[in-house]
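2 protein chains.
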Amino acid sequence: MSLPTTPSATAAAATRLPLIAAATGATPDRRPVWFMRQAGRSLPEYREVRAGHGMLEACFDADLLTEITLQPVRRHGVDAAILFSDIVVPLRAAGIDLDIVAGTGPVIAEPVRDRAGIATIPQLLPESVGSVARGIGTLTAVLRSDHPGTALIGFAGAPFTLASYLIEGGPSRNYERTKSLMYSDPEAWHQLVGRLADITIAFLRMQLEAGVDAVQLFDSWAGMLSLADYREYVQPHSARVLAEVADFGRPRIHFGVGTGELLAAMGEAGADVVGVDWRLPLDTAQRRIGGDRALQGNLDPAILSAPWAVIDREVRRICAEADAAIATGARGHIFNLGHGVLPETDPTVLTRIVELVHTL
Amino acid sequence: MSLPTTPSATAAAATRLPLIAAATGATPDRRPVWFMRQAGRSLPEYREVRAGHGMLEACFDADLLTEITLQPVRRHGVDAAILFSDIVVPLRAAGIDLDIVAGTGPVIAEPVRDRAGIATIPQLLPESVGSVARGIGTLTAVLRSDHPGTALIGFAGAPFTLASYLIEGGPSRNYERTKSLMYSDPEAWHQLVGRLADITIAFLRMQLEAGVDAVQLFDSWAGMLSLADYREYVQPHSARVLAEVADFGRPRIHFGVGTGELLAAMGEAGADVVGVDWRLPLDTAQRRIGGDRALQGNLDPAILSAPWAVIDREVRRICAEADAAIATGARGHIFNLGHGVLPETDPTVLTRIVELVHTL
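In structure tokens, the structure reads:
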């Protein structure tokens, strides 16, 4: 365990991390790379550790979440660990009755669909995520000691995506109940999403206080919305979350799937790094986002089952497009997938990608 | 029953149909409107007729498909009937072992994943869809006689979407097997998709010969691809389908979900009408598509459960955006949803939308 460091010492150390350098416009020693959902079912060591433990149990157990978060760092040599968690963890910690069911996803016992339900949404008390904070403490110490080039990224779901789970009761195809509430009672909608933003802010501030080097705000399903609806119903709340963690001075990454039309608005919400899915070349994304945000992405996770020659070509294409984006104003590039690692992915392929990206 | 008409008489009559006028740059008497999946579970009369009959049975029974196709015309007064069918119908007719399972979707008995499997894909013989042709014959007669302003739109899945079902074995979230074949063996991919294009062409030509006034080629899942992959692996096959039915001189509508990045390429594939999902305003879509295609869309089907005031506002917004698109070169506007009617939709709302669109 390393000793506690002062904020300025932390900041100086942090800029030596390739991921933080790329996110802040400094020059990284190498192109940083990590993979969304790198800690998970693609790893045999993960399946072994998870055996006999439910998903939520693993997310709230300091030892389990520490081990699972570190596994891909040890195996792949990625430039970031991402806190092993789930979008619904802070909701559960706040006291909302839910579970994560294998093969289904989150299941909310009493979906929230009206003002009475909204009024019952609790606040997140830091002590309810004390085990997560303890895990982060261990993780930062282990990373500094054993993997000094590796950043720790905190994790939270954005208010819209949290709202969609709470309203639909779980994963959804069309989000009709979510949109119905949004359109039929905008005041109630903003009240709900505002309360969820409070929870997200509390969860992220706890992680930052515990020592994460950066945070990623996942608005997984924002791409289901038109730009006009995103701006009216979602962006103000995401912007508040990002603003209310800005005082830590650590990079804030913002990502959603299928957000080609929303990228500029997601950048304007206050992100330092905008994640891009595989549908849009990074240089095109840069033209949409404008300004000097860094970009994260964007290899199609479905490509990971193709022959290596295909993957090699695609990784090089993405790095070239990222360099073109940097040449026209992007702050930096963090290599990643365009969505999470699929469970059936061969993890040795991920290791090879890390090695390749570090040469590019 | 009306008497058979000559092709030229048919063409002259067809341009009097509002939908055909809008699709061809003529001036329709009213703004045409229909709804994707208007024939289906949102209608109690559909659920009644389907009771005791499987989905595939209904698609191959001339009487059932005729009745189901006509139901939304009678109820809503839409400007088009769309042939009641399913994307996998021509595959089944060609002899591929599959079923449509309630709650799941198509299930392919032996998914196609290699060259040996591709070599077994049969051709579609017109006699295997004779019942569909007979249904179309009845439908055109009934529509001319009882609903003279209503066009009949034929229906087929585009080769990529057919391929994705065949390869994955059914609906998919990530299309990893599809993309894996595409990337790992492009030659096999093009052979497969070429064979499926043959089936689609045969199915659409049968429908056109039987008398449909227009066709819609659904590439439901093309939006899972980047533009570069779409152009390389998909567009040539869709373009061949559209070219090989061009000699009928009837409008060809082309639609997929989440295709904001692909709209120009889908137009270039040869469509007369490009369908747009709800994510993109129609005037923005027009700027991407360019040229003088007509546009179809694009009310979010999830909005249909919102209060009428919201729907009213959204319908007016879409028509205004469509008019702006026409002012900058779009050939015309066919009002529709941005995806299919959801099963839980109140059908009386659809009727009100038809009435409203006809005033705009």
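Sequence lines, in order, name chains A and B.
Residue numbering for the first sequence is 1 to 360, as defined by full-length UniProt numbering.
Residue numbering for the second sequence is 1 to 360, as defined by full-length UniProt numbering.
All residues carry an ideal CB built from backbone N, CA and C; glycine is no exception.
As the structure is a computational prediction, the values presented were derived from the model and not from experiment.
Can you find a C-beta in chain B that's less than 7 Å from the C-beta of residue i?
i, result
"residue 261 (chain A)", "yes"
"residue 298 (chain A)", "no"
"residue 220 (chain A)", "no"
"residue 192 (chain A)", "no"
"residue 1 (chain A)", "Reliability fails at residue 1 (chain A), whose pLDDT of 37 lies under 50, so the model's placement of it is uncertain and the value that follows must be treated cautiously. For residue 1 (chain A), the answer is no, since every Cβ of chain B falls outside 7 Å of its Cβ."
"residue 176 (chain A)", "yes"
"residue 350 (chain A)", "no"
"residue 257 (chain A)", "no"
"residue 6 (chain A)", "For residue 6 (chain A), the predicted model reports a pLDDT of 46, less than 50, meaning its position is unreliable and no value from the coordinates is stated."
"residue 279 (chain A)", "yes"
"residue 180 (chain A)", "yes"
Hey, could you find the ends of the beta strand (DSSP E) residue i is sitting in?
i, result
"residue 216 (chain B)", "214–218"
"residue 299 (chain B)", "294–299"
"residue 337 (chain B)", "333–337"
"residue 106 (chain A)", "105–108"
"residue 80 (chain A)", "80–82"
Against chain A, with Cβ distances strictly below 7 Å, would residue i count as a contact?
i, result
"residue 315 (chain B)", "no"
"residue 268 (chain B)", "no"
"residue 302 (chain B)", "yes"
"residue 107 (chain B)", "no"
"residue 274 (chain B)", "no"
"residue 9 (chain B)", "Note that residue 9 (chain B) scores 48 on pLDDT, short of 50, meaning its location in the model is unreliable; the coordinates nonetheless yield the value given after this. Answer no: the Cβ-Cβ gap between residue 9 (chain B) and chain A never drops below 7 Å."
"residue 226 (chain B)", "yes"
"residue 356 (chain B)", "no"
For the candidate residues the options, whose alpha-carbon lies nearest to that of residue i?
i, options, result
"residue 348 (chain B)", "B:308, B:260, B:334, B:313", "B:308"
"residue 298 (chain B)", "B:238, B:284, B:57", "B:284"
"residue 217 (chain B)", "B:57, B:266, B:181", "B:266"
"residue 260 (chain A)", "A:270, A:241, A:320, A:288", "A:288"
"residue 293 (chain A)", "A:302, A:317, A:48, A:263", "A:263"
"residue 144 (chain A)", "A:351, A:34, A:207, A:73", "A:73"
"residue 192 (chain B)", "B:178, B:205, B:202, B:203", "B:178"
"residue 59 (chain B)", "B:182, B:156, B:242", "B:156"
"residue 324 (chain B)", "B:187, B:359, B:99, B:282", "B:282"
"residue 91 (chain A)", "A:196, A:15, A:310, A:32", "A:196"
"residue 172 (chain A)", "A:114, A:108, A:231", "A:108"
"residue 271 (chain B)", "B:315, B:221, B:312, B:330", "B:330"
"residue 352 (chain B)", "B:310, B:328, B:343", "B:310"
"residue 313 (chain A)", "A:356, A:334, A:132", "A:356"
"residue 334 (chain B)", "B:269, B:189, B:214", "B:214"
"residue 210 (chain A)", "A:83, A:24, A:17", "A:83"
"residue 295 (chain A)", "A:302, A:303, A:273", "A:273"
"residue 230 (chain B)", "A:278, A:28, A:94", "A:278"
"residue 183 (chain A)", "B:225, B:227, B:188, B:305", "B:305"
In the DSSP assignment, find the alpha helix (DSSP H) that holds residue i and state where it starts and stops.
i, result
"residue 327 (chain A)", "308–327"
"residue 98 (chain B)", "Premise fails: residue 98 (chain B) lies in the beta strand (DSSP E), 98–101, not in any alpha helix (DSSP H)."
"residue 60 (chain A)", "55–60"
"residue 285 (chain A)", "282–289"
"residue 237 (chain A)", "235–243"
"residue 26 (chain B)", "From DSSP, residue 26 (chain B) is part of no alpha helix (DSSP H); its letter is neither H nor E."
"residue 353 (chain A)", "347–357"
"residue 118 (chain A)", "115–119"
"residue 246 (chain B)", "That residue, residue 246 (chain B), is in no alpha helix (DSSP H); it is neither H nor E in DSSP."
"residue 39 (chain A)", "It is not in any alpha helix (DSSP H) - residue 39 (chain A) carries neither H nor E in the DSSP assignment."
"residue 407 (chain B)", "This structure does not reach residue 407 (chain B), given that chain B is present from 1 up to 360, and the question cannot be answered."
Which chain D residues sit within Cβ distance under 7 Å of residue i?
i, result
"residue 183 (chain A)", "Of the protein chains in the structure, A and B, none is chain D."
**Q.** Contact set between the segment 335–347 of chain A and chain B, restricted to residues whose Cβ is under 7 Å from the partner
**A.** 342
**Q.** alpha helix (DSSP H) runs wholly inside the segment 145–231 of chain B, at least 4 long, in chain order
**A.** 159–168, 176–184, 186–210
Q | Entirely enclosed alpha helix (DSSP H) segments - the segment 252–283 of chain A, minimum 4 residues | A | 263–268
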